[in-house]
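Worksheet: the structure to be examined is printed underneath.
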Amino acid sequence: MDYSKKNKSYTLDEAKLRLAKYCTYQDRCHFEVEKKLNEMRMIPAAQEEIIIFLMQEGFLNEERFTRSFIRGKFYSKNWGKTKINQQLRLKRIPQSLIILCMDEIKPSDYFKTCLSLAEKKLKQLEGQITLKNKQKIQSYLYQKGYESELIYECLNELK
């Protein structure tokens, strides 16, 4: 492990530049930036100034982060809304913002993805629609973060 970076101290300008790069590489939320600033051992007054700078310059935007996170986790990892919501809450995103941004997932895509995952799982289970296999599919979709009602709809669509 390289301890030189861990024990390095940063000027305010160096920290601003480093955090701007950190936020440019990938959208970040306030919680991630605060965590990074703590790792850099920045004092609270400097942290506040850096966060304000990042927000004013457009590097840090909670709504943009939330929308990007939702799109990425749904369209790339096929996560359901429940799991996405839980993960955003762990990043201390306000529930009102999560609800506002959930429109990033189209309802038609949401159902199609859930059904597609159910069909794929059924194929892995040799394609037999048995009570045991339905329970396995239900458990799988629940772990992916889909709601019970939607899971039951998808299970009824399986052939």
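If you count by the numbering used here, then the sequence shown holds residues 819 to 977, one letter each, in order. The beta carbon of each residue, even a glycine, is placed where N, CA and C say it ideally should be. As the structure is a prediction and not an experimental result, all values here were calculated from the model.
Just verifying my parser: in three-state terms, what is the DSSP assignment at residue i?
i	result
Ile923	coil
Asn896	coil
Tyr970	helix
Asp831	helix
Cys847	coil
Leu943	coil
Thr948	coil
Leu976	coil
Lys930	helix
Glu965	coil
Asp820	Caution applies to Asp820, whose pLDDT of 48 falls short of 50 and renders its modelled position unreliable; the value that the coordinates give is listed next. Looking at Asp820 - three-state DSSP - the assignment turns out to be coil, as it is neither helix nor strand.
Applying the 10 Å Cβ sphere with the 16-neighbour rule, what's the burial state of residue i?
i	result
Lys924	exposed
Ile916	buried
Ile955	buried
Leu959	buried
Glu880	buried
Ala833	buried
Thr931	buried
Tyr821	Here the model assigns Tyr821 a pLDDT of 48, short of 50, so the residue's position is not dependable, and the following value carries that caveat. Exposed, since its Cβ has fewer than 16 Cβ neighbours within 10 Å.
Cβ of residue i less than 7 Å from any chain D Cβ?
i	result
Asp927	Any reference to chain D falls outside this structure, which holds one protein chain only.
Return the Cβ separation of residue i and residue j in integer angstroms, given the expectation that the two are a contact with Cβ distance under 8 Å.
i	j	result
Asp845	Phe883	4 Å
Glu965	Lys899	7 Å
Phe877	Thr842	7 Å
Ile902	Gly963	6 Å
Asn896	Leu935	6 Å
Along the chain, which unbroken stretches of the alpha helix (DSSP H) at least 4 residues long are found entirely within the stretch 852 to 922? With a minimum length of 4 residues, the continuous alpha helix (DSSP H) runs that stay inside the stretch 852 to 922 are 862 to 874, 880 to 893, 899 to 908, 913 to 919.
Mind the definition here: the stretch 867 to 887 touches the stretch 829 to 839 only if three or more C-beta pairs lie below 8 Å; say whether that holds. At 8 Å Cβ cutoff, the stretches touch.
Would you say the stretch 938 to 957 touches the stretch 965 to 977, given that touching needs at least three Cβ pairs under 8 Å? The answer is yes - the stretch 965 to 977 touches the stretch 938 to 957, with three or more Cβ pairs under 8 Å.
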